[in-house]
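> Here our numbering is used: position 21 in the first sequence is 612, and no number is missing along the way. Ideal Cβ placement from N, Cα and C applies to all residues, glycine included. I'd like to ask some things about the structure below.
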Amino acid sequence: MDRALLELEIPTPDGVFVARYSTQGLCGLEFPQAHSRIKAAGPPRGPLRRWHRLTTQALKSALAGKKPRRLPPLDLSAGTPFQQQVWRQLGNIPPGRTLSYSQVAGGIGRPKAARAVGGACGANPVPILVPCHRVLAAGGRPGGFSGGLHWKRRLLAREGVRLV
DNA sequence: ATTTACAATATGA
DNA sequence: TCATATTGTAAAT
């Protein structure tokens, strides 16, 4: 867990996101906020430059409801093994498809851990690129979303998913 | 048709 | 020990 951070902004039609990088890759992504409080940094150099380009591109695709061609390396090492398993599962859900918390739980061999999956989704450091918004509660109910439910609905709507 | 209770689960305060 | 982005079963209203 090399947590040393570099924060870079990503302007999009939906606002300015903030990407956070460790020496291993992208380790965090934040939704646009009223006050950008990132420390000014010069233009990224070395691998950062490439990673940031990939992140920017991937984020824009995802916001448009399309599957990103390539993702930057993700540093999910901050999560527990359970959380990392969950996040890895989420990466397999294509745009336009959704799973329930319990299906995700079943996918990692713990069919009864639906609630814990909810916790892991809430702890997802890289929303959107790790598509936690494609996990719904049972019966097509929306469940929750740390970045605000409106984001979940908006993202799913762009992928063609209808919520009840 | 709704509401209420509870067990099972991983994690953090 | 309590609360949480849950679920399934069961019982009572």
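Please list the segments of the beta strand (DSSP E) lying wholly inside the region 659 to 691, counting only runs of 3 or more residues, in order along the chain.
Listed in chain order, nothing qualifies, since the region 659 to 691 has no complete beta strand (DSSP E) run of 3 or more residues.
> Going by alpha carbons, who is nearest to Val717 out of Val607, Arg641, Trp678, Leu727?
For the purposes of this step, residue 717 is taken as residue 126 along the first sequence, with counting starting at 1. Checking every option, the nearest Cα to that of Val717 belongs to Trp678.
> With a cut-off of 8 Å on the beta carbons, I'd call Trp642 and Leu617 a contact; round off their distance for me.
As a first step, residue 642 must be located in the first sequence, where it is residue number 51. As a first step, residue 617 must be located in the first sequence, where it is residue number 26. Indeed they touch by this definition, with Cβ atoms about 6 Å apart.
> Tell me, which residues are paired with Ala610 by DSSP?
The residue you call residue 610 lines up with position 19 of the first sequence. The partner list for Ala610 (beta bridge, DSSP) reads Leu599, Leu620.
> In this structure, does DSSP put Pro718 in helix, strand or coil?
As a working note, residue 718 is residue 127 in the first sequence. The answer is strand: DSSP assigns Pro718 an E or B state.
> Between which residues of its own chain and Gly619 is the CB-CB distance below 6 Å, once the five residues before and five after are set aside?
The sequence position of residue 619 within the first sequence is 28, counting from 1. Same-chain partners within the cutoff: Arg611, Pro716.
> Have a look at the DSSP bridge pairing and note the partners of Val726.
The sequence position of residue 726 within the first sequence is 135, counting from 1. The partner list for Val726 (beta bridge, DSSP) reads Leu690.
> If you draw a straight line from the alpha carbon of Lys657 to that of Glu750, how long is it in whole angstroms?
What you label residue 657 is simply residue 66 of the first sequence in a count that begins at 1. What you label residue 750 is simply residue 159 of the first sequence in a count that begins at 1. Rounded to the nearest angstrom, the two C-alpha atoms are 7 Å apart.
> Mapping the DSSP letters down to three states, classify Pro604 as helix, strand or coil.
Taking the first residue of the first sequence as 1, we reach residue 604 at position 13. Residue state, collapsed to three classes: coil.
> My understanding is that Pro638 touches Ala649, with C-beta atoms under 8 Å, so please give their C-beta distance in whole angstroms.
Here residue 638 refers to the residue found at position 47 when the first sequence is read from its first residue. Here residue 649 refers to the residue found at position 58 when the first sequence is read from its first residue. About 16 Å; that fails the 8 Å criterion.
> Grab me the residues of Pro672's own chain with a C-beta within less than 6 Å of its C-beta, minus the 5 sequence neighbours each way, in chain order.
On the first sequence, residue 672 is found 81 positions in, with the first residue counted as 1. Here the set comprises nothing.
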